[in-house]
Every structure is written in C-alpha cells, then in structure tokens.
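Mature numbering (1 follows the signal peptide of the UniProt record, and there is no 0) puts the sequence shown at residues -17 to -1, 1 to 495. Where is the CB? At the ideal position from N, CA and C, for every residue including glycine. Model, not experiment: these values are computed from the prediction. Taking it in order: structure first as structure tokens, then the write-up.
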Amino acid sequence: MASFSLISLYLLQLGSAASIPATPNAIVCAADSRYITNNNSDSTVWPWQTYKSSDAQPPMLQTDRTGEALFDGLLVFDVAPGGPATAAKQISPYIMTDTGDLVWSGPVGPSYNVRVQEYNGARVLTYFSGEGTAGASAVVGHGYGEIVVRDTSYNIIATVCPQFKNFTMETGVTAKCHSDLHESFITSRNTMLVSAYNTTRADLTSVGGPKDGWILDSIAAEVNITTGEVLFQWSPLAHLPINGSHYPLAGQGVNQSIPYDFFHINSIQLVGENYLINSRHYWTTFLVNPQGKILWEINGLDGGDFGELPEGPGETHPGRDIAPDSATGSVITSGPHNQFDRPSTACRRVVQGSFLHLDNGNMFMGYGSDPVMVEYGPLEKGETLAKTRWSATFGYSTLISSYRTYKQVWHATPATNPDLVVLAAEINDQLHCAGNSTYRGYVSWNGATDVTAWMVYAGATNASLKALGRAMKSGFETEFVIPNDAAFVQVGAIENNGNNVVRKSQVVAVGK
C-alpha cells in the first residue's frame, strides 16, 4: 500500500468542486506515493519499492535508529547478487536517504563500487560497469569492464577503459575494457587508480600445483582518465612469491578457465608519490614506490615491518581506511583495539565491506556480503566500543551483497526532465484531502537531490496552463490531486524552498 503520514498531506485550497484557481501560492493536496511490494511466493526476494512514474525498483530499507545525531549525507551503494540472481528485484547502483527514500537509480545491470569523488575540482559520481561476456562474478570475485564518471547532472563525462599490453582473460571471456570492479579511485592529480585481473602462466609447484599452471595476476595501475593511458603498472607476480599467499589452491590453476587467485587485490591508494596496495589473499597491505619496489608491508599474520598486531582476522578488506601520513609514510589507524557493537539485525561479514570516518565524528560501515550498513557514533574518551546510531538491511543475508557502501554529500540537478504520469484515482486511494477529484498526478525526478516542491500547472487546453499551486515534495515520487476540469497538466521542480522553477515536465493529457 502507499506510504502516507499526516505531515505529508497538504490541504488543497480548491473546495469540494476541485476546480482550477490561479493561485500559485496555494498548497496542493499531495503525499508520498511509494509502494512496498513483497513477493510472498518467493521468500528469497527482498521486498522492493515501486512507483507509477518510474521503472525503478530499489530495495526496501529496513531501518533502525536511536534518535542520536547522524551525518547529513546520502547513502551511496550498489545492490549485487550474493547468491541467486533473483534475490534482488533490481540489480543497480543506488543513492538513497537514510529514511529509505530513493534519490537515484542507476543503469540496471552489474555495477560495483559506486561513490562520490572529486575530479577537476568538481563532485562526480563513479562506478564500475561490467560489459561484454565478462561482467562481474560473485563466484570468482572479479570482473572486466569500464569505470563510468558522471557529473552533477548525471551526464557521462568520462568512461575509463584501460587496455593493458599482453593481457589475457579466462577462457571464453571477452571484454574491450580491462578494469576490474575492486578499485576506481580518483587521485588528487586527476588520474584514476584501477585494478585489473590478468590470466597468465605461472609455476605453481611451490603451492602443490602444476609447473605450467595458470594464475590471476591482479594488477595495480594508475591511468589517465581522459585517454585511458596507463601511467603506472604493478604486477604482484613480478615482485612476490606465489607461496606467500594464504589462499588454498583447492584444484585451481590447472587451466585457463580456473586460474589461481594468489594475490586478489582489493584497493589502491596514492600516498605522496607512492602506492598503498591491499591484498586479501596475501593478508597484507604494501607500500610500493613508482619504480615498483616494495618499501614496507603490514600484514595480519605477524605484522610485517611493524611488528606483531593485536589479535583479529588475518585477511584485510579493503585498505582504504588505513590513513597514511603523506609526509612520513607512517600508518595512522583508528585504533587496533576499537570495537563496534552489532546492529539489531544479525550480520556476519564474510567478504567485501567498507569503513568510513564521517565529518561529524560518526563512523559508517558496510558489511559487504551481508546486506547491512551501519552508522556508529564517535568513540568517547576512554571508550573502545562504538555504539550503533542507525542501521539498515536491504536484503537477505548472503543472497544480496554490496561491495562497498558510503554515506556522502551529493547535490545534483539532472539534465533530464521530471517524469509525470496522470492516472485515474485507485479504489483504495488514501489521499483523503482530494475532495471529489478523480485523477491523480505522479511525479518523480531520478537523481534530483534538492527539490522541495512541485509547481502544478493545469488547464483546459495545452496552451492555457495556469499555476495551480505547490505540491510539497514527499519521498521519491509525489502523488497529487488533479482538478476535475483539468484536461492538461504539467509540473515544475522548485529547489531548496525557493520560488523559481528549475525544470518542467512534459505536458500530460488527463484521461488519455
């Protein structure tokens, strides 16, 4: 059923006749039109949201919060299959509010690591998009594709498509672009750090495999965003022994179809002129200079060059929250003994995941293969346990995943027009302030972050539209009343409680 609340209902200043006044300051009866759909016939499909004016079908967010202060930002995350492809109604990158309202639904298909970054001094949205027969696989844990860069109007301003020399993929896999889903970080010098998985020959006798075996050599690279030119490239195989991996061979490496993923790169970060490279299967983060030499390492087994670390999981994923001091190269962490209480939803980090320090002191964590994200409060002096302030679940455990989740500031005005549909009022319509009006308008604008109201125009002809009043925006899609004598309707978006319309929808005929 539709989601309504008293604060989202606005009285229409028209009287019971619901005729057209020329009063743009009037408040039009409106409400959030979101519907939550639950596929009762298949319990593995998480409930999803549906709309009249948009084909978007984002997951319902099952949220819990304490009422304590949260960071003022938007949730930026991808929804990817962690098991059956049917476990999510729609596989896409998303931006949502922490109250569960959709803001932006990206292209349908495998997209990973969506986030807000800065490029040439402006905010951009980036994400990995799998392409060709390669796509991305939750089974093998990597993919091949391109990195899409969108501006604050959602125009694609760059498509990063690196092509490495002497690069081979698994048997039967084809793709024009060699980027992998794990990394797509824009540096302060406006280049991009990317990962790529090269399938190549290697001697696996040191780990009990064939002498003429196959491995995945997960490359770390820096590329030119505009041209795709490779500016730096580092191969783990060229610098590390294969038997240093903690990943079991388990029958892999015998042919090109199932190469042994001995290193498994997770993340890359620029530290001054050097590169911080994190490996899941080596349980290690390496600092590498531009010539490819390893300067130091820190690992989860014996601590590496920094001595023994506190007890905990050996593998690391990812290295983004290790905050290096660019001047000294020393590693600053949030404290090895810090702990985080679990949200009310039971969760278990298996693979993937992310962690962010937020500007207000809070901390934000994504649980990767468990579709859970949590905002923790700041650690008080002397405390080692961070307490949950907000949490959200968006899928059934291990059936849906999100490679990394973020809470970030993002303001966008789409280049497209708002979407408007007009439909006859449904029998169970709950817009109780509608009087005897028999038609409803439904308006949304995919990606718009700052719309606060919709100016509604109506008229007997296409050329005689007059301002009816404002329908206050509520949720992703706003439902509003159409006067009975209106033959044509249009809406205009108003941002930040202002008075100017920034973009209008198409004119829509009523009852056609």
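- Sorting Ala141, Arg387 and Ser136 by C-alpha distance to the C-alpha of Glu129 places Ala141 at the top.
- Shown here for Gln239: same chain residues with a beta carbon closer than 8 angstroms to its own, the five before and five after excluded, namely Thr151, Glu153, Thr154, Thr182 and Trp197 in chain order.
- Cβ atoms of Ile208 and Val132 come within 8 angstroms of each other, at about 7 angstroms.
- Across the structure, Asn429 and Ile74 are spaced so that their CA atoms are roughly 16 angstroms apart.
- Under DSSP, the beta-bridge partners assigned to Pro64 are Ile383.
- Annotation for Ala141: the continuous beta strand (DSSP E) segment containing it runs Ile139 to Val143.
- Pairing Gly458 with Asp55 gives a Cβ-Cβ distance that is not under 8 angstroms.
- In the same chain as Pro397, and ignoring 5 residues on each side of it, the C-beta atoms closer than 7 angstroms to its own belong to Ser136, Tyr137, Trp428, Asn429, Gly430 and Ala431, in chain order.
- Contact check for Asn400 against Lys456 fails: the beta carbons are separated by 8 angstroms or more.
- For Ala233, there is no enclosing alpha helix (DSSP H), as DSSP marks it with neither H nor E.
- In this structure, DSSP gives Thr182 an extended state, which the three-state scheme calls strand.
- At least 8 angstroms separates the beta-carbon of Asn96 from that of Ser37.
- Assigned with DSSP and collapsed to three states, Leu85 falls in strand.
- Just measuring C-alpha positions, the residue of Phe347, Gly275, Leu108 and Tyr180 sitting nearest Val99 is Leu108.
- The beta-carbon separation of Glu363 and Trp373, rounded to 18 angstroms, does not stay under the 8 angstroms limit for a contact.
- For Val28, the three-state secondary structure derived from DSSP is coil.
- For Ala71 against Pro42, the beta-carbon gap comes to about 6 angstroms, under 8 angstroms, which counts as contact.
- Listed in chain order, the non-local C-beta contacts of Thr444 below 7 angstroms within the same chain comprise Ala470 and Phe471, local neighbours out to five positions each way being set aside.
- Three or more Cβ pairs drawn from the stretch 243 to 254 and the stretch 217 to 225 lie within less than 8 angstroms of each other, which places the two stretches in contact.
- Contact between the stretch 200 to 220 and the stretch 170 to 178 is present: 3 or more CB-CB pairs across the two stretches fall below 8 angstroms.
- Separation of Gly92 and Ile383 (C-alpha to C-alpha, rounded to the nearest whole angstrom) is 14 angstroms.
- For Ala450, the enclosing beta strand (DSSP E) starts and ends at Lys449 to Met455.
- Cβ atoms of Trp279 and Asp285 stay farther apart than 8 angstroms, at about 14 angstroms.
- Here the alpha carbon of Leu253 sits roughly 29 angstroms from the alpha carbon of Asp353.
- The C-alpha of Thr170 lies about 30 angstroms from the C-alpha of Gly290.
- Counted as a single uninterrupted DSSP element, the beta strand (DSSP E) harbouring His340 occupies residues Ser337 to His340.
- Annotation for Pro219: the continuous alpha helix (DSSP H) segment containing it runs Pro219 to His222.
- Contact annotation, Tyr127 with Asp84: C-beta distance approximately 34 angstroms; criterion of less than 8 angstroms not satisfied.
- His161 places its beta carbon less than 8 angstroms from that of Phe147.
- The Cβ-Cβ distance between Thr435 and Glu462 does not fall below 8 angstroms.
- Going by DSSP, Tyr102 is part of the beta strand (DSSP E) stretching over Ser94 to Tyr102.
- Shown here for Ala407: same chain residues with a beta carbon closer than 7 angstroms to its own, the five before and five after excluded, namely Thr421 and Tyr422 in chain order.
- Taking all protein chains in view, the Cβ of Asn8 is surrounded by fewer than 16 other Cβ atoms within 10 Å, so the residue is classified as exposed.
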